[in-house]
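Everything below concerns the one structure shown next.
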C-alpha cells in the first residue's frame, strides 16, 4: 500500500455496532488493507453518549466541536486539535455537547476484528 | 494507563533525529508508557522538507496549515482535518508551504525504537 490522503468527505459514515446514538464512523484504512492499524473519521450529533470497554488502543483527534471522555471517575474534555488516548481495556463514556463533534481516529489493532471476536466470545 | 488528553501546549517539541530542517516533534505517549503506539504532535516551519524511509506505520492528522507528501512519484496535499497515511517501508518527502503546518501523529510500533534499531544496524 502506498501513501494515501483522506478527508471526511471521502468517508462512508455509518452507525457503529452496539450503539444506538446518533454517532457514525467510517474506516478509511482497516483489516482489508493488510496493515496493522485502522484509520477513520467519526461524527457525533449534539448531546450524544456512548459507553464502551475498549478492545483496542484507540486514539481520537478532535477536528471540530468538543467531546468529554469519562473513565474511572475522571473526565477529560477535548476540543479542536486535541488528542484523547483511550488504552485497551479501559471503560469509557464519550459525550458530545451542544455543537456535536468530528474526530479522526487510529486504532491498534483493528477495532472491527476485535469487536467481532468479543461478540463471538459472548455467545 | 488511564485515558489521557493532550494539547500541543503540553508537548516538548524537539528536532527529530536525522533531519536538520525547522521541524520539531514531541511524543506524548511512547515506549515509556508500555502501550503499543506512539502519539505526538509535530510543527513544521514554512517551506521545510524532510525525506524519510518509514520504519513504522505513520498516520499524520493535519491540524493547521498544509503539507504535501511525495511518494513514488505521486504527491498528496493535506490541510486541516485531513489525514495522511504513510505505510511502513515507503519512502516519502514531506514538504510544508508558506504557512507551515501543525500535525498530530500516531505510529505503530514506536518510531523512536525503530529508528534506534535501524541506526544500530547501519553502524
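Protein chains in written order, with our numbering: chain A, 1 to 123; chain B, 124 to 246. For each residue, glycine too, the CB sits at the ideal point set by N, CA and C. Keep in mind that this is a model prediction, so the values were computed, not measured.
Just to make sure I have the definition right: I need the residues of chain A whose C-beta is within less than 9 Å of the C-beta of residue i. Which are they?
| i | result |
| --- | --- |
| residue 167/B | Chain A residues near residue 167/B: none, gap ~15 Å exceeds 9 Å. |
Please classify residue i as buried or exposed, where buried requires at least 16 other C-beta atoms within 10 Å of its C-beta.
| i | result |
| --- | --- |
| residue 38/A | buried |
| residue 155/B | exposed |
| residue 5/A | buried |
| residue 204/B | buried |
| residue 242/B | exposed |
| residue 170/B | exposed |
| residue 132/B | exposed |
Can you confirm whether residue i, when its beta carbon is compared against all beta carbons of chain B, has any partner nearer than 7 Å?
| i | result |
| --- | --- |
| residue 1/A | yes |
| residue 90/A | yes |
List the residues of chain A that residue i touches, going by C-beta distances under 8 Å, in chain order.
| i | result |
| --- | --- |
| residue 127/B | 76, 84 and 85 |
Could you check whether the Cβ of residue i sits closer than 7 Å to any Cβ belonging to chain A?
| i | result |
| --- | --- |
| residue 148/B | no |
| residue 240/B | no |
| residue 158/B | yes |
Starting from the Cα of residue i, find the closest Cα among the options and give me that residue.
| i | options | result |
| --- | --- | --- |
| residue 7/A | 80/A, 55/A, 40/A and 47/A | 40/A |
| residue 115/A | 93/A, 89/A, 95/A and 98/A | 89/A |
| residue 173/B | 217/B, 235/B, 222/B and 228/B | 217/B |
| residue 99/A | 67/A, 112/A, 111/A and 121/A | 67/A |
| residue 165/B | 180/B, 184/B and 159/B | 184/B |
What residues of chain B sit near residue i, judged by a beta carbon separation below 7 Å?
| i | result |
| --- | --- |
| residue 104/A | 184 and 206 |
| residue 57/A | 158, 159 and 160 |
For residue i, go through chain A and note every residue whose CB falls closer than 7 Å to its CB, in chain order.
| i | result |
| --- | --- |
| residue 195/B | 2 |
Let me check you understand the geometry: is the CB of residue i closer than 6 Å to at least one non-hydrogen atom of the ligand COA?
| i | result |
| --- | --- |
| residue 24/A | Within the structure as shown, the ligand COA is missing, as the structure has no ligands at all. |
Quick one: which chain B residues come within Cβ less than 9 Å of residue i?
| i | result |
| --- | --- |
| residue 7/A | 201, 202, 204, 205 and 206 |
Under a CB-based cut-off of 7 Å, is residue i close to chain D?
| i | result |
| --- | --- |
| residue 227/B | Within the model displayed, chain D is absent; protein chains A and B are what it includes. |
Inset, instruction - Could you tell me whether the segment 73-91 of chain A touches the segment 15-22 of chain A, where touching means 3 or more Cβ pairs closer than 8 Å? - result: no
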